[in-house]
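> Before I ask anything, let me first share the structure, which is written out below as structure tokens.
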Amino acid sequence: MHPINTVGRQLCAVHSLALMAGLACALPGIATAQEAPRILVSAKGTVKTEPDIAVITYDLRGEGTTSDDALKQLKVRSEATERAAYGFVGKPRKIETGTLSIRPVRGQNCNMSSYSPARLSQGECAILGYTAEVKVTLRTDKVEDAGTLAGLIGRNGALNPNVARFELSDPREAEREAMRRALADARQQGSLIATGSGMKLGPVQRIQDANYREISLEFEEREGSSPPAMNVAPPPPPPPPPVGVKLTPAAIETSVQIMVAYALVT
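All the letters of the sequence shown, read from the start, carry residue numbers -26 to -1, 1 to 240 under mature numbering (1 follows the signal peptide of the UniProt record, and there is no 0).
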């Protein structure tokens, strides 16, 4: 055998042994670098709470030959509906108005639109009068009487009175209780998985909401604010009693979805 070939094979054998020894030394380090075992569970907590706020929406409309006349009629109807509400349920929690629109009214044969060329307000397109409209939202804690109140508001000149929805005046306690139930559900699931794996459930490592955002278990308490005082004219002599409509709304469901990571310990 040629001496050079013999030396080459010996060098290759030495290199292979060195590589194997290096891998053997590196394997314990790789095992050490692995993270401690943990589990990730998805949990949900749900709370049902009886609503304590009813939200009523309605429209107010005034008409007149001039825009001022339309606004005056709108104001009269606004005051009438507020007096009716105050006289029946006392001071509502809040009355909010939307945007006010004042529009000219033309004859039905006037073909005027945003796509047609500009036309003078004469002939068939002469202005016959004006309308003034505003949307109103009223919140009251008289939940059972919300239907009666909507009918009373309609009697006093409002259009489209509607018991739109029911709410919670302060949903924070329901949210906290839903979170507590979600955490209890997560711990129960984690304990079952850990026991089945022959391990014990360790401490919480991370909590995320359904959008994978980190959340904290601390809840800041905010001081409640009372609605601003409203100056309303004294009510007139009592009108005929309103038509009674008793409502029994369903409980409001508050849910919290979380992802909780637990460490597993032996």
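For glycine and all other residues, C-beta sits at the position ideal for the given N, C-alpha and C.
Does DSSP put glutamate 9 in a helix, in a strand, or in coil?
In the structure shown, glutamate 9 sits in coil (DSSP, three-state: anything other than H, G, I, E or B).
> Restricting to Cα atoms, I'd like to know which of Pro78, Glu149 and Ala168 is closest to leucine 94.
Nearest of Pro78, Glu149 and Ala168 to leucine 94, Cα basis: Pro78.
> From this set, Ala158, Arg57 and Leu34, which residue's C-alpha is nearest glutamine 47's C-alpha?
Per the Cα distances, Leu34.
> Between which two residues does the beta strand (DSSP E) harbouring aspartate 183 extend?
Element bounds for aspartate 183: 174 to 183.
> Ignore the nearest five residues each way along the sequence and tell me which others in glycine 218's own chain have a CB closer than 6 Å to its CB.
Within the same chain, glycine 218 has close Cβ partners Thr122.
> Three or more beta-carbon pairs under 8 Å between the stretch 81 to 88 and the stretch 18 to 33, yes or no?
Contact between the stretch 81 to 88 and the stretch 18 to 33 is absent, because fewer than three Cβ pairs lie under 8 Å.
> Hey, could you find the ends of the beta strand (DSSP E) serine 41 is sitting in?
Serine 41 -> not in any beta strand (DSSP E); alpha helix (DSSP H) instead, spanning 41 to 63.
> On a CA-only basis, which of Lys22, Ile127, Val110 and Gln82 is nearest proline 223? Give me that one, please.
The candidate whose alpha carbon is nearest that of proline 223 is Lys22.
> Which residue wins for smallest C-alpha separation from aspartate 115, given the options Ala152, Glu141 and Val230?
When only C-alpha atoms are compared, the closest one is Glu141.
> With three or more C-beta pairs closer than 8 Å as the rule, is the stretch 128 to 135 touching the stretch 43 to 62?
The stretch 43 to 62 is in contact with the stretch 128 to 135.
> If you follow the alpha helix (DSSP H) that threonine 169 is part of, which residue opens it and which one closes it?
146 to 170 is the extent of the alpha helix (DSSP H) around threonine 169.
> State the Cα-Cα distance for the pair glutamate 149 and alanine 184, rounded to the nearest angstrom.
Straight-line Cα distance between these residues: approximately 14 Å.
> Which runs of the alpha helix (DSSP H), 4 residues or longer, sit entirely within the stretch 83 to 154?
Segments of the alpha helix (DSSP H) lying fully in the stretch 83 to 154: 120 to 129.
> Under 7 Å Cβ to Cβ from glutamine 182, same chain only, skipping five residues before and after it: list those, please.
Answer for glutamine 182: Glu188, Ile189, Ile232 and Met233, listed in chain order.
> Are leucine 126 and proline 216 touching if we call contact CB-CB under 7 Å?
Against a cut-off of 7 Å, the Cβ pair of proline 216 and leucine 126 comes out as a contact.
> For alanine 225, which of Arg12, Pro11 and Asp26 has the nearest alpha-carbon?
With distances taken between Cα atoms, alanine 225 lies closest to Asp26.
> Between which two residues does the beta strand (DSSP E) containing lysine 220 stretch?
Unbroken run through lysine 220: none, as it is neither H nor E.
> Return the first residue and the last residue of the beta strand (DSSP E) that residue 328 is part of.
Residue 328 lies beyond the residue range present for the chain, which begins at -26 and ends at 240; the question has no answer from this structure.
> Taking just the CA atoms, how far does alanine 168 sit from arginine 180?
So the alpha carbons of these two residues sit roughly 17 Å apart.
> Specify the secondary structure class of proline 66 as computed by DSSP and reduced to three states.
Proline 66: coil per DSSP, three-state reduction.
> With distances taken Cα to Cα, identify the nearest neighbour of aspartate 42 among Gly103, Gly128 and Leu238.
Closest by alpha carbon: Gly103.
> Given a cut-off of 7 Å, decide if alanine 156 and valine 108 are closer than it, judged by their beta-carbon atoms.
No, Cβ-Cβ distance for valine 108 and alanine 156 is not below 7 Å.
> What is the DSSP secondary structure of glutamate 188, counted as helix, strand or coil?
Glutamate 188 falls in the strand class under three-state DSSP.
> Rounded to whole angstroms, what is the Cα-Cα separation between glycine 172 and threonine 240?
Near 8 Å, if we compare the C-alpha coordinates of threonine 240 and glycine 172.
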